[in-house]
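In the numbering used here, the protein residues as written are 954 to 1248. Just so it is clear, CB atoms sit at the ideal spot from N, CA and C, and this is done for glycine as well.
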Ligand code: NAP
């Protein structure tokens, strides 16, 4: 009998991930708050569920992919939510990026109810979701991780168990710190190069071949040059993640001075009404600080 997966949250990341699970041969029942996206999954060979209860009923694996800690808590614990309707023994994989302490707490609640929880945030962006090439950092029990390896293999290529419950989210917080810092410095370099009238496409090409090269440069460089900031990964979500890493570092007594500065720049971009832009739109704040407003 084939594995049935309930997929909750069919946004920029969730929908292509769910489609990849369909293509891998799983039976996938999708639920989305606004129903059209569940129809999009149905058109791609999945099934559309009208409620969370309907999606998770009898499912072997339940995946959540919603924005923030309160959203995951809501879909898990509300009256018609996952805990109330999932079958005992089902695996619950949370691919959302949320606070590590909340992940640990919700995982404990799920385990109490007989579920097998894995916090499994992802990295790789929309392109990684579409191509099934995500990096997945997982917190939880080894046996549970092993049991759903075929599910992870359908959506990711680098899949690592990093420790007990909550650890996946801790690693993801570090990921978001590194990515935001990279984007900020790339944005500063682009505005700097443009100020000198350098041919920027050539400049990024040669920078990409040396130690300054990075996946951030590869994926976001041209978008910055084109001022093409359609998400992708919304700045409002990266603002959430900078809040997570800033609070978690403070809790651990770790200084992240550059990360804190970048967090302020991300916050400023969001406050200026640009939270809906892709995170490469951090360039707009560098331009504003430099009195060069092309975007
Ligand atoms: P998104 O496009 O905003 O999608 C979020 C989905 O969750 C939407 O379908 C939304 O439904 C649904 N949702 C929101 N609040 C909900 C609630 N309270 N109850 C039920 N459903 C709710 O976000 P995304 O970019 O896919 O990101 C999802 C998660 O992945 C976030 O934690 C993000 O940080 C993380 N992530 C994103 C990327 C990326 O590049 N985008 C990369 C790695 C990780 P509606 O359609 O009704 O709004």
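Three-state secondary structure assigned by DSSP to residue 1249: With the chain running from 954 to 1248 in the structure shown, residue 1249 is simply not present.
Three-state class that DSSP yields for residue 1256 in the structure shown: This structure cannot speak to residue 1256, because the chain is shown only from 954 to 1248.
Anticipated Cβ contact below 8 Å, residue 1144 with residue 1071, distance rounded: Not a contact, Cβ separation roughly 41 Å.
Buried versus exposed, by CB contacts within 10 Å (16 or more), residue 1185: buried
Candidates 1191, 1179, 1136 and 980, of which the one nearest residue 1167 by Cα: 1136
Residues that residue 1116 bridges to, as DSSP identifies them: 1092
Inter-residue spacing [alpha-carbon to alpha-carbon] between residue 1124 and residue 1115: 8 Å
C-alpha distance - residue 1098 paired with residue 1014, whole-angstrom precision: 12 Å
Separation of residue 1149 from residue 1234, as counted between CA atoms: 21 Å
Near the ligand NAP: residue 985 beta-carbon under 7 Å from a heavy atom: yes
Bridge-paired residues (DSSP) for residue 1076: 1088
Close beta carbons around residue 1077, own chain, < 7 Å, minus the five adjacent residues each side: 1086, 1087 and 1088
Contacts around residue 966, its chain only, beta-carbon distance under 8 Å, and the 5 residues preceding and following it disregarded: 1018, 1048, 1075, 1079 and 1082
Whether residue 1101 touches residue 1044 by CB criterion (8 Å): yes
Local Cβ density within 10 Å of residue 1129, reported as buried at 16 or more and exposed below that: buried
Candidates 1093, 1206 and 1242, of which the one nearest residue 1217 by Cα: 1242
Minimum C-alpha distance to residue 958 - residue among 970, 969 and 980: 980
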